[in-house]
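Peer 1: One structure, pasted below without further comment.
There are 4 protein chains.
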Amino acid sequence: MKKQNLIDALYNCIAACNTCASACLGEENVKMMADCIRTDIICAEICATTAKLVAMDSSFAKEMVALCQKACKECGDECAKHDHDHCKKCAEACRKCEDACKTYAA
Amino acid sequence: MKKQNLIDALYNCIAACNTCASACLGEENVKMMADCIRTDIICAEICATTAKLVAMDSSFAKEMVALCQKACKECGDECAKHDHDHCKKCAEACRKCEDACKTYAA
Amino acid sequence: MKKQNLIDALYNCIAACNTCASACLGEENVKMMADCIRTDIICAEICATTAKLVAMDSSFAKEMVALCQKACKECGDECAKHDHDHCKKCAEACRKCEDACKTYAA
Amino acid sequence: MKKQNLIDALYNCIAACNTCASACLGEENVKMMADCIRTDIICAEICATTAKLVAMDSSFAKEMVALCQKACKECGDECAKHDHDHCKKCAEACRKCEDACKTYAA
């Protein structure tokens, strides 16, 4: 089901973003990871609200999903620039969530 | 300052929505308040994410504020239908937040 | 892994609570569901913060997990009183999350 | 009123933490700010859930306020180590929120 798939993808993405942000803060070169930490925080926040609106069938769900798709793309693109395992996992979770947003909107 | 005014209005709105939702759940006629509880929950959620994105100067702040303006209007309109004190306070907080969103976007 | 299991259980619980709260608001007898809606909202909120603290290995994770275990028990007990499908699913998700909190703490 | 004072202090603290985290990510020496960013994220998250539980008069409000008091102390102590204006403002907001938690609990 499109709705359940999206909700699963959103929570998987939130967990990956939170894990990545925390791991980035512990990396040797934190400055290089600053944009990654920022997009992780923003993406996790937007995904959480999107998940609530979708689960509750809010009249604003579609608009929120459209915004979430962009936030996942931004965060996935940023994470994909880095070789850390947590960044690669986060990039993948973001891509899957971006796709799930696209499928839901269609 | 437009940014600080918006953040203040957002948090004031969240507090009013949470208080209103909780009080509505304790009213004699809960069924009559069902839409009010729903819009309170959604509005508080959207305002919280908007406040974080605005505070962090996210590239998605503007879009989120535009969505928030609509959520505040929806919740304010619903609360304005009811005579409970918590609904009237919430309607006022929503209106002020809707205006602060409009001013920020301008 | 205990940490990943907990995070999965937390997000599953949040989704079930949000779905249950929304469905309860649409039931014929909303008044009978008022406590269920309230515990759904509180449980989802506590689970979300717990998931973030656990993913980030916060020094406050253990205390938050202990509180979350109680919130899941409260919400699971309330949902178990009702025959609606969404309540039964939520009760089960809460029980699993309560268990995952217990296992993580051990 | 103790409850309204606490809610105001909590939202003021969340806004200061989000602003501080974002500004820290833009500082020249991000590595030096890593702990500050981490405590900002955790403190904002805990304060948000505390505000919701207090506004809704949740049975878990007291326990959450006790945890929040510690999170505000941790974040305030960390921010106080740094000379940036956003850190000083955040340290002050954390101290006030820590005090409001103490007063509420008493």
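Residue numbers (my numbering), protein chains in the order written: chain B, 162 to 267; chain W, 162 to 267; chain C, 162 to 267; chain P, 162 to 267. Each residue gets a CB set at the ideal place from its N, CA and C atoms; glycine is no exception. These numbers were taken from a predicted model, which means no experiment stands behind them.
Distance check for ALA216/B and ASN179/P, CA to CA, integer angstroms please.
Peer 2: Distance between the alpha carbons of ASN179/P and ALA216/B is about 27 Å.
Peer 1: Decide yes or no for the touch test of the segment 202-220 of chain P against the segment 170-177 of chain P: beta carbon pairs closer than 8 Å, at least 3 of them.
Peer 2: These segments touch.
Peer 1: Quick one: which chain W residues come within Cβ less than 8 Å of SER183/B?
Peer 2: Simply none; closest approach about 17 Å.
Peer 1: Just the chain P side, please: which residues come within less than 9 Å of TYR172/W by C-beta, in chain order?
Peer 2: By Cβ distance, chain P contributes ILE168, ASP169, LEU171, TYR172, ASN173, ILE175, ALA176, ALA212.
Peer 1: So, are the CB atoms of ALA177/P and LYS242/P less than 8 Å apart?
Peer 2: Not closer than 8 Å, so no.
Peer 1: Start and end of the alpha helix (DSSP H) containing HIS247/P?
Peer 2: It spans 246-266 - the alpha helix (DSSP H) in which HIS247/P sits, taken as one unbroken run.
Peer 1: When the Cα of LYS231/C is compared with those of LYS257/C, LEU214/C, ASP246/C, which residue comes out closest?
Peer 2: Nearest option by C-alpha distance: LYS257/C.
Peer 1: Look at GLU259/P and THR200/P and say whether their C-beta atoms are less than 8 Å apart.
Peer 2: Result no, Cβ atoms of GLU259/P and THR200/P do not sit closer than 8 Å.
Peer 1: Let me see if you follow: with CB-CB separation under 8 Å, is ALA241/C close to chain B or not?
Peer 2: With 8 Å as the cut-off, ALA241/C does not count as an interface residue toward chain B.
Peer 1: At a CB-CB cut-off below 8 Å, which residues of chain P make contact with ARG199/B?
Peer 2: The contacting residues are SER183, LEU186.
Peer 1: So, with DSSP's three-state summary, where would you put GLU235/P?
Peer 2: GLU235/P falls in the helix class under three-state DSSP.
Peer 1: Consider the Cβ of THR180/W: report whether some Cβ of chain P lies at a distance smaller than 8 Å.
Peer 2: Yes - at least one Cβ of chain P is within 8 Å of the one on THR180/W.
Peer 1: Check whether chain B comes within 8 Å of MET217/W, counting only Cβ atoms and requiring the distance to be less than that.
Peer 2: So, interface residue.
Peer 1: Return the chain-ordered list of same chain residues with a C-beta closer than 6 Å to the C-beta of ALA222/C, the five sequence neighbours on each side being excluded.
Peer 2: The residues are LEU214, VAL215.
Peer 1: Exposed or buried, what is ALA267/C when buried is set at 16 or more other beta-carbons lying within 10 Å of its beta-carbon?
Peer 2: By the 10 Å Cβ count, ALA267/C comes out exposed.
Peer 1: Here's the rule I'm using: 16 or more other beta-carbon atoms within 10 Å means buried, otherwise exposed. How should GLY237/B be labelled?
Peer 2: The residue is buried, with at least 16 neighbouring Cβ atoms inside 10 Å.
Peer 1: By the 10 Å Cβ neighbour count, where 16 or more other Cβ atoms means buried, how is MET162/W classified, buried or exposed?
Peer 2: Burial call: exposed.
Peer 1: Against chain C, with Cβ distances strictly below 8 Å, would ILE207/W count as a contact?
Peer 2: No, ILE207/W lies away from the interface with chain C (no Cβ there is under 8 Å from its Cβ).
Peer 1: Shorter than 8 Å from the beta carbon of ALA232/P to some beta carbon of chain B?
Peer 2: No, because no Cβ of chain B sits closer than 8 Å to the Cβ of ALA232/P.
Peer 1: If you run the structure through DSSP and keep just helix, strand and coil, what is VAL191/P?
Peer 2: Coil, per DSSP.
Peer 1: Compare the C-alpha of ASP244/W against each of VAL226/W, ILE203/W, ALA227/W, CYS181/W and name the closest.
Peer 2: That would be CYS181/W, whose Cα lies nearest to the Cα of ASP244/W.
Peer 1: For HIS247/W, tell me which candidate among CYS233/W, LYS164/W, VAL226/W, SER183/W has the shortest Cα-Cα distance.
Peer 2: Of the listed residues, the one whose Cα sits closest to HIS247/W is SER183/W.
Peer 1: Given that a residue counts as buried once 16 or more other Cβ atoms are within 10 Å of its Cβ, and exposed if not, what is GLU189/P?
Peer 2: When all chains shown are included, GLU189/P counts as exposed.
Peer 1: If you draw a straight line from the C-alpha of ALA205/W to the C-alpha of CYS262/C, how long is it?
Peer 2: Cα to Cα, ALA205/W sits roughly 27 Å from CYS262/C.
Peer 1: In three-state DSSP terms, what is ASP218/B?
Peer 2: Coil at ASP218/B, not helix or strand.
Peer 1: Is it the case that the Cβ atoms of LEU228/B and GLU235/W are separated by a distance below 8 Å?
Peer 2: No, Cβ-Cβ distance for LEU228/B and GLU235/W is not below 8 Å.
Peer 1: Output yes if chain B places a C-beta closer than 8 Å to the C-beta of GLU301/W; else output no.
Peer 2: Missing from the structure shown is residue 301/W; chain W here goes from 162 to 267 and no further.
Peer 1: So, for THR264/C: in the same chain, excluding its five sequence neighbours on each side, which residues have a beta-carbon less than 8 Å away from its beta-carbon?
Peer 2: Cβ within range, chain order: LYS163, ASN166, LEU167.
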